[in-house]
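Down below is the structure, laid out as structure tokens.
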Amino acid sequence: MNHATRAAKFVGDADRTTWHDETLWFVRAKRDKAVYAVPEFQDLRELASQIKDHTLSKLDTYLEQFEEQAKRNGVHIHWAADAAEHNAIILDIIRQHNATRVVKSKSMLTEECHLNPHLLSNGIEVVDTDLGERIIQLRDEAPSHLVLPAIHLKKEDVGETFFKHLGTAKGEVDPQVLTEAARQHLRARFLAAEVAISGVNFAVAETGGVVVCTNEGNADLGVNLAHVHIAAMGIEKLIPRLSDLAVFTRLLARSATGQPVTTYTSHYTKPAAGKEMHIVIVDNGRTKQLGRPDFRASLKCIRCGACMNTCPVYRRSGGHSYDFTVPGPIGAILSPNIDMKKHSSLPFASTLCGSCSDVCPVKIDIHTQLYKWRQVLGEANEIPASKKWSMKLMGRLLTSPKAFGVGGKLARHGIKYLPYSLTHARHFNVWAVARELPTPPKQSFREWYQQQANTTA
Amino acid sequence: MSSSREKILAAARANKPDEKPLPIVPDFGGDDSTERFTQVLTSIGGQVVWIDGPEQLQPVLKQLYPESRLSASPLFPGTVPVDALTSTEVLADVDLAVLPGEMGVAENGCIWLPEANMLHRALPTITQHLVLVLDHRRIVATMHQAYAQLPSTGGYGAFVAGPSKTADIEQSLVIGAHGARSLVVLLY
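Same order as they appear, the protein sequences are chains U and D.
Its first residue numbered 1, the first sequence is counted upward by one per residue in full-length UniProt numbering.
Its first residue numbered 1, the second sequence is counted upward by one per residue in full-length UniProt numbering.
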């Protein structure tokens, strides 16, 4: 199934599509307000972009520095080349402690590696503790947004889920009441957990520490109560200096939700006395992306989700239509790197309007990369024949003024006289499935222009 | 798995672009007033209360939290003695934690709370209500100035900005997710 087919399901519910669109636009508007309040915001974007470019250009050195520093702090470091190794390492650490109860705070990397099913199938109870993540875990769904994992659900959906799983009253839809129920339910899990798994927002080479940003405090509560903390980080999370965090913490929450900063910006550097801290450093295709000059900038992403909130296609098609851990514009440039065949329709799930690049806090040229992926996919024969041939035909038409003139004339008369059943034939003209054709003008622009020239002469 | 380590480092070395410079990050200045700090912290769900000095702490707390039974603090003898080895069961009952904040940041209302000021790493999030006591002269304008003043981040430390919150259900803001349900900053 391609993006358009999956999106068609979401768009089928017009009210929900409109609601989804408006909700995300509201977040985008909050982002703008927060951004305008910081006079140097554009300078910060440039600095963040340069810091990330620099880090990627010395990634091996910084990885080694980070490892050395973290080990000096008493942290256990593990290296995982791919998802399977990441999962095996984490299961191994849990087993070494004879643990079965694990709490997890939000981590897109563990989603990417499908850690939960792996642990569950090995008899480990793993509970997602971010409210949105918990909701979708109970519903057995994937997150549909980087920062707002349950943004595709309405409060009625959450109420129904909690009625079924947490014993709240039937028909309860008050977010306050539902959140309180989740708080009580999850608190019991926090108190009982033996191991806590977290993601990593930033890893600092200079200190060997990792930084985790949350609003709910779920990472801190889990990590600081459990005996063992396992942090899973992609190699691209590195930044060189502690002071660089100032740049990124000023950008992240403002870009993501329009908050001045996340409620908790927590720095985990050493394990607490008598406890253990592990960091799993994961590649899973990232060094490959580093070697592709056109696409390496995607490794600068700090996972704020701003590109999703602003994307006219994402807002109207929903995150699940992308069928990838990271949806939206950034996901559409990350996914073909992982599996070009499976995700070949995603770089086309975009208008190329450039709005994603405009809001990106680390200045990734997202829309340019989407355009470049289309070229790569075209050359690799990964685009549908109908699109390929119609583009070829249009290409020829547009490069020949004579053919263009004749084609225009034919179209103007064609639309007028052809029967509706033919112009709107589903398989012949996909464009017209949800659109009406325009009323053809009497004359072409060129004819009109010629006429003007004659009358003024 | 040292073989994966070598593989990843070798691939990073082979695939990295030519070295790019590391930029110098300017200070940017900014507004470090208590007014700005108060305005931002209030807008994110926190509350600021002025006190004359740390000696005034207990009467003010009694007034603010008349219902509190189980408090923990390094600033006065609380009802629950907490240290790094306190059990989870005991921690779970604390309803009020009163901790010294190290530094405030006016642009976003956050307060730096190093491990040394927490009694137990989980205390600031497991308590039902959190009070941070802060010297108003320790407020800086931006995160740049805050990090410039941190010699290191210790074993653990957090910038805390307001009470725990979530907007995961239809973007409705709910205060009190998993961490503290409220945050009061006592400025002196």
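Quick reminder that beta carbons are idealized off the backbone N, C-alpha and C, glycines included.
Everything numeric in this text was worked out from a predicted model, so none of it was measured.
Write down the C-beta distance between residue i and residue j rounded to the nearest angstrom, noting that I regard them as a contact closer than 8 Å.
i: U/TRP373; j: U/ILE338; result: That belief does not hold up - the Cβ atoms of U/TRP373 and U/ILE338 are roughly 12 Å apart, past 8 Å.
i: U/HIS320; j: U/SER144; result: 5 Å
i: U/GLU172; j: U/PHE163; result: 7 Å
i: U/GLY208; j: U/LEU109; result: Not really, about 19 Å apart at Cβ, beyond 8 Å.
i: D/LYS20; j: U/SER57; result: 5 Å
i: U/ILE135; j: U/LEU24; result: Going by Cβ atoms, the distance from U/ILE135 to U/LEU24 rounds to 18 Å, so no, they are not a contact pair.
i: U/ALA70; j: U/CYS113; result: That pair is no contact at about 21 Å.
i: D/THR125; j: U/LEU221; result: 4 Å
i: D/VAL105; j: D/ALA146; result: 5 Å
i: U/ILE235; j: D/ILE8; result: 7 Å
i: U/ALA48; j: U/PHE248; result: 6 Å
i: D/PRO74; j: D/LEU119; result: 6 Å
i: U/ALA272; j: D/ARG121; result: 6 Å
i: U/ALA203; j: U/VAL210; result: 5 Å
Measuring only the C-alpha atoms, how far is residue i from residue j?
i: residue 464 of chain U; j: U/VAL280; result: Within the shown structure, residues of chain U are numbered from 1 to 457, placing residue 464 of chain U beyond reach of any answer.
i: D/PRO54; j: D/PRO114; result: 19 Å
i: U/PRO260; j: U/CYS213; result: 13 Å
i: D/PHE76; j: D/HIS129; result: 17 Å
i: D/GLN39; j: D/VAL48; result: 9 Å
i: U/THR161; j: U/GLY285; result: 35 Å
i: D/SER4; j: U/ALA81; result: 5 Å
i: U/ALA169; j: U/ALA181; result: 10 Å
i: D/MET143; j: D/PRO163; result: 19 Å
i: U/PHE10; j: U/TYR322; result: 11 Å
i: D/ILE51; j: U/HIS78; result: 49 Å
i: U/HIS86; j: D/ARG13; result: 21 Å
i: D/VAL174; j: U/LYS106; result: 18 Å
i: D/MET1; j: U/LEU63; result: Here the model assigns D/MET1 a pLDDT of 47, short of 50, so the residue's position is not dependable, and the following value carries that caveat. Going from the Cα of D/MET1 to the Cα of U/LEU63 covers about 15 Å.
i: U/ALA142; j: U/VAL376; result: 28 Å
i: U/LEU186; j: D/VAL131; result: 23 Å
i: U/VAL313; j: D/SER68; result: 51 Å
i: U/ILE364; j: D/ASP18; result: 18 Å
i: D/LEU150; j: D/ALA158; result: 12 Å
i: U/CYS353; j: D/GLU170; result: 27 Å
i: D/VAL82; j: D/LEU91; result: 8 Å
i: U/ARG72; j: U/SER350; result: 46 Å
i: U/LYS288; j: U/THR325; result: 18 Å
i: U/LEU146; j: U/ILE330; result: 10 Å
i: U/THR310; j: U/PHE26; result: 10 Å
i: D/LEU64; j: U/HIS278; result: 41 Å
i: D/PRO23; j: U/THR55; result: 11 Å
i: U/GLY123; j: U/MET394; result: 57 Å
i: U/ARG31; j: D/PRO26; result: 24 Å
i: U/VAL406; j: U/ASN381; result: 31 Å
i: U/GLN50; j: U/ASP244; result: 11 Å
Mind checking who residue i pairs with in its DSSP beta bridge?
i: D/TYR156; result: U/TYR268
i: U/LYS104; result: U/ASP128 and U/ILE197
i: D/LEU99; result: D/LEU132
i: U/GLU276; result: U/VAL228
i: U/MET233; result: U/ILE281
i: D/CYS110; result: D/VAL105
i: U/VAL202; result: One point to set straight first is that residue 202 of chain U is Phe, not Val, in the sequence displayed. In DSSP, U/PHE202 forms a bridge with U/VAL211.
i: D/THR125; result: For D/THR125, which the question treats as bridged, DSSP gives no partner whatsoever.
i: U/TRP79; result: U/ILE281
i: D/TRP50; result: D/LEU187
i: U/THR423; result: Its beta-bridge partners do not exist; DSSP assigns none.
i: D/LEU57; result: D/LEU57 is not bridged to any residue.
i: D/SER71; result: D/LEU96
i: D/LYS165; result: D/ILE175
i: U/LEU238; result: U/ALA203
Within 8 Å of chain D by C-beta, residues of the segment 258–270 of chain U in sequence order: GLN259, PRO260, VAL261, THR262, THR263, TYR264, THR265, SER266, HIS267, TYR268, THR269 and LYS270
Select from the segment 101–130 of chain D all residues with a C-beta closer than 7 Å to any C-beta belonging to chain U, and list them in chain order. The residues in question are GLU107, ASN108, GLY109, CYS110, ARG121, ALA122, THR125 and ILE126.
Give the residues from the segment 165–177 of chain D that approach chain U closer than 8 Å (Cβ to any Cβ), ordered along the chain. LYS165, THR166, ALA167, ASP168, ILE169, GLU170, GLN171, SER172, VAL174, GLY176 and ALA177
Which residues, in chain order, does the segment 156–173 of chain U contribute to contact with chain D at a C-beta distance below 7 Å? VAL158
Which residues, taken in chain order from the segment 90–115 of chain U, show a beta carbon closer than 8 Å to some beta carbon of chain D? none
Give me the subset of the UniProt domain "4Fe-4S ferredoxin-type" (291–321) of chain U whose CB atoms are less than 9 Å from a CB atom of chain D, sorted by chain position. GLY291, ARG292, PRO293 and ARG296
Taking only beta carbons into account, state which residues of the segment 30–47 of chain D come closer than 9 Å to chain U, listed in chain order. GLY30, VAL40, SER43, ILE44 and GLY45
For the segment 33–54 of chain U, enumerate the residues whose C-beta is nearer than 7 Å to any C-beta of chain D, in chain order. Result list: GLU40, LEU47, GLN50, ILE51, ASP53 and HIS54.
Every unbroken alpha helix (DSSP H) within the segment 391–417 of chain U, with a cutoff of 4 residues, ordered by chain: The DSSP assignment places 401–417 as complete runs of the alpha helix (DSSP H) inside the segment 391–417 of chain U, in order along the chain (cut-off: 4 residues).
Positions along the segment 204–224 of chain U whose CB lies within less than 7 Å of some CB in chain D: THR207, GLY209, ASN215, GLU216, GLY217, ASN218, ASP220, LEU221 and ASN224
Of the residues that make up the segment 135–164 of chain D, which ones have a beta carbon closer than 9 Å to any beta carbon in chain U? THR142, MET143, HIS144, GLN145, ALA146, TYR147, ALA148, LEU150, SER152, THR153, GLY154, GLY155, TYR156, GLY157, ALA158, PHE159, VAL160, ALA161, GLY162, PRO163 and SER164
At a Cβ cut of 9 Å, what residues of the segment 176–191 of chain U count as close to chain D, listed as they run along the chain? Those would be GLN176, LEU178, THR179, GLU180, ALA182, ARG183, LEU186, ARG187, PHE190 and LEU191, in chain order.
Give me the subset of the segment 63–90 of chain D whose CB atoms are less than 7 Å from a CB atom of chain U, sorted by chain position. ALA84 and THR88
Quick check for students: name the residue ranges of the alpha helix (DSSP H) that lie wholly in the segment 307–341 of chain U, counting only runs of 4 or more. 312–317 and 328–338
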